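Counted the way our numbering counts, the sequence shown spans residues 651 to 731.
We treat Cβ as the ideally placed atom computed from N, Cα and C, and that holds for glycine.
Predicted model, so just to flag it, every value in this text is computed and none were measured.
Here's the structure we're looking at; comments come further down.
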Amino acid sequence: MAHRDKNDNLFPNKERFENKIDPATALFTALSRAMVYSRIEQSTGVTAIGNCQKCGTLCIGKIVKEQLVYFCPAHEGKNAK
651 MAHRDKNDNL FPNKERFENK IDPATALFTA LSRAMVYSRI EQSTGVTAIG NCQKCGTLCI
711 GKIVKEQLVY FCPAHEGKNA K
């Protein structure tokens, strides 16, 4: 249930609608983003994954003013207020 692109990257693939793989794709995306964020920022060893408070997109949680908040890259920073 995967195919390769021209750069030899593997991607999940569904042959029929009944074989839907959207939850698996969401999990892979979340895990890969968590790994990237943990390398960029000082990691505490704990990663919180949840839905953006603005649009519902799966994203990495951050602690802001002693509170765990979820904002996707499109809503981080000044738009998250």
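Identify every residue that forms a DSSP beta bridge with V719. K712
For F721, is the classification buried or exposed, using 16 other Cβ atoms within 10 angstroms of its Cβ as the cut-off for buried? buried
Can you name the start and end residues of the beta strand (DSSP E) that N701 belongs to? I699 to N701
Going along the chain, which residues of its own chain have a beta-carbon closer than 7 Å to the beta-carbon of H725, five neighbours each way excluded? C702, K704 and C705
What does the alpha-carbon distance come out to for the pair A680 and I699? 7 Å
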